[in-house]
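J.: Below you'll find the structure I mean.
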Amino acid sequence: MSQSHSHIPVTIAGTGSYVPEKVLTNADLEKLVDTSDEWITTRTGIRERRIAADDEFTSHMAVKASLKALEQAGMEASELDLIIVATITPDTLTPATACYVQKELGAMTAVAFDISAACSGFLYGMKIAKRLISDGAFKNALIIGAEKLSSFINWEDRNTCILFGDGAGAAVLRQSREGEGHIIATDIGTDGNQTHLLNIPGGGSACPITTENADQRLASLAMLGKEVFKHAVTRMRDSAKTVMARAGLKPEDIKLVVPHQANLRIIDAIADRLDVPSDRVFTNLQKYGNTSAAAVAIALDEAHREGRFTRGDKIVLVVFGAGFTWASATIEW
Ligand SMILES: CC(C)(COP(=O)(O)OP(=O)(O)OC[C@H]1O[C@@H](n2cnc3c(N)ncnc32)[C@H](O)[C@@H]1OP(=O)(O)O)[C@@H](O)C(=O)NCCC(=O)NCCS
Numbered sequence: 000m001s002q003s004h005s006h007i008p009v010t011i012a013g014t015g016s017y018v019p020e021k022v023l024t025n026a027d028l029e030k031l032v033d034t035s036d037e038w039i040t041t042r043t044g045i046r047e048r049r050i051a052a053d054d055e056f057t058s059h060m061a062v063k064a065s066l067k068a069l070e071q072a073g074m075e076a077s078e079l080d081l082i083i084v085a086t087i088t089p090d091t092l093t094p095a096t097a098c099y100v101q102k103e104l105g106a107m108t109a110v111a112f113d114i115s116a117a118c119s120g121f122l123y124g125m126k127i128a129k130r131l132i133s134d135g136a137f138k139n140a141l142i143i144g145a146e147k148l149s150s151f152i153n154w155e156d157r158n159t160c161i162l163f164g165d166g167a168g169a170a171v172l173r174q175s176r177e178g179e180g181h182i183i184a185t186d187i188g189t190d191g192n193q194t195h196l197l198n199i200p201g202g203g204s205a206c207p208i209t210t211e212n213a214d215q216r217l218a219s220l221a222m223l224g225k226e227v228f229k230h231a232v233t234r235m236r237d238s239a240k241t242v243m244a245r246a247g248l249k250p251e252d253i254k255l256v257v258p259h260q261a262n263l264r265i266i267d268a269i270a271d272r273l274d275v276p277s278d279r280v281f282t283n284l285q286k287y288g289n290t291s292a293a294a295v296a297i298a299l300d301e302a303h304r305e306g307r308f309t310r311g312d313k314i315v316l317v318v319f320g321a322g323f324t325w326a327s328a329t330i331e332w
């Protein structure tokens, strides 16, 4: 019996990213909490991060990244029929941030919705969009990872506030044309047993913010860093190996690995376990910290625009986040 998996190959026709203007350095953080540039740099690799303006929302950053991706793809927003925003920091709990993005772009024939998969959201979105295009349901999709994490950080908690930043990245997906590359394989996974290790405990229906608990900052990211670290390395290694095997790729075939940008030590550990030398692993967390769903999307765009890979090259994307969630993709560009 023939397998009726993906029929139409799907390509990434354009990428774009945006980060806010305001830079928050490690030296700035030394004034907020008991920490040091030295500690942050050696433990995480992060030197600075971007912070959105008070009146700059997740959707605004998403739109700016999207316009660049559309321009590179040579596509008008009116040609989109699908918009997926991956975010854990939506403008509002409802409607979805994707609805604001649709309106702002004027993509009025597109179906638009959000997905919540933390740092893995952009690749969850890629898998969904790829499948919906490859089975013929949609032609042109915009996938976005966008976060204003600064609104959900306890700026008095040195365990978390040093790690995160704001930004957005986007990609336009459509059917591959003659001679173009395609998304070869994707892998996504979830482990709901680990919800307690990384979460935003308050602000949802389980724990609304009230006048009684307001001072506890429950609508802020909470994390058991050491535990998260171990799971991140194992899951990303396994997931990347899965998509490399599915694509029949050996480490030497990979032009570039573009991983989630959480911690340089996590990235080094994964590169080591994948047998890929560090000069073929892209990092920009030094400049932006961890921007959750936006991180791999921004990294993909920067690596692309810097010419780190080109038509025909094989790249691997790999991510990990709260849930836990993880995902990978192998792409022939
Ligand atoms: C958060 C993280 C950088 C901490 O690094 P670590 O090497 O595990 O450090 P520890 O948590 O063991 O803390 C070591 C010490 O530094 C202290 N410390 C924590 N944050 C600090 C800070 N910002 N500045 C100075 N000291 C700090 C701790 O209190 C602890 O002190 P103690 O030994 O006296 O208790 C690291 O665990 C990490 O990156 N984890 C993964 C996080 C992540 O990627 N999350 C998102 C996934 S999508």
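Just so you know, numbering that gives the first Met the number 0 puts 275 at position 276 of the sequence shown, and the rest follows in order with no gaps. Backbone N, C-alpha and C fix where the C-beta goes; we use that ideal spot for every residue, glycine too.
How is D190 classed by DSSP in three states: helix, strand or coil?
T.: Correct three-state label for D190: coil.
J.: Would you list, in sequence order, the uninterrupted beta strand (DSSP E) runs of no fewer than 3 residues that lie entirely inside the stretch 6 to 85?
T.: The qualifying runs are 9 to 17, 21 to 24, 47 to 50, 81 to 85.
J.: Closest to A328 by C-alpha separation, out of L197, A205, I127, A117, would be which residue?
T.: Answer by Cα proximity: I127.
J.: Rounding to the nearest angstrom, what Cα-Cα distance links A169 and G180 in this structure?
T.: If I take the Cα positions, the gap works out to 18 Å.
J.: For ligand 3, is there any heavy atom lying closer than 7 Å to the beta carbon of W38?
T.: Ligands in the displayed structure: ligand 1; ligand 3 is not one of them.
J.: Does the Cβ of Q215 have 16 or more other Cβ atoms within 10 Å, making it buried, or fewer, making it exposed?
T.: Flag for Q215 reads exposed.
J.: Can you check whether the CB of A296 is closer than 8 Å to the CB of G144?
T.: Result yes, Cβ atoms of G144 and A296 sit closer than 8 Å.
J.: Following the continuous beta strand (DSSP E) through F319, name the residue where it begins and the one where it ends.
T.: Where F319 is concerned, the enclosing beta strand (DSSP E) stretches over 313 to 320.
J.: Taking only runs of the beta strand (DSSP E) that begin and end inside the stretch 163 to 233, which ones reach a length of at least 3 residues, in chain order?
T.: Listed in chain order, they are 165 to 174, 181 to 189.
J.: Determine the burial state of S175: buried for a count of at least 16 other Cβ atoms within 10 Å of its Cβ, exposed for fewer.
T.: Classification for S175: buried.
J.: Between which two residues does the beta strand (DSSP E) carrying V256 extend?
T.: From DSSP, the beta strand (DSSP E) with V256 extends over 255 to 258.
J.: Taking the alpha-carbon positions, what's the G201 to C98 distance?
T.: In a straight line, the C-alpha of G201 is about 24 Å away from that of C98.
J.: Quick one: Cα of N192 to Cα of D113, how far?
T.: When rounded, the distance between both Cα atoms is 23 Å.
J.: Could you check where the beta strand (DSSP E) with A246 kicks off and where it finishes?
T.: Counting along the chain, A246 falls outside any beta strand (DSSP E), and DSSP gives it neither H nor E.
J.: Looking only at its own chain, which residues have a Cβ that is under 8 Å from the Cβ of Q71, when we skip the five neighbours before and after it?
T.: The residues are A12, G13, T14, G15, V171.
J.: Where in the stretch 108 to 164 do unbroken runs of the alpha helix (DSSP H), each at least 4 residues long, occur, reported from the N-terminal end onward?
T.: Correct list: 120 to 133, 157 to 160.
J.: For I87, which of helix, strand or coil comes out of DSSP?
T.: Here I87 sits in coil by DSSP.
J.: Specify the secondary structure class of T241 as computed by DSSP and reduced to three states.
T.: Reduced to three states, the DSSP call for T241 is helix.
J.: Any heavy atom of ligand 1 closer than 7 Å to the CB of V295?
T.: Outside the cutoff, so no.
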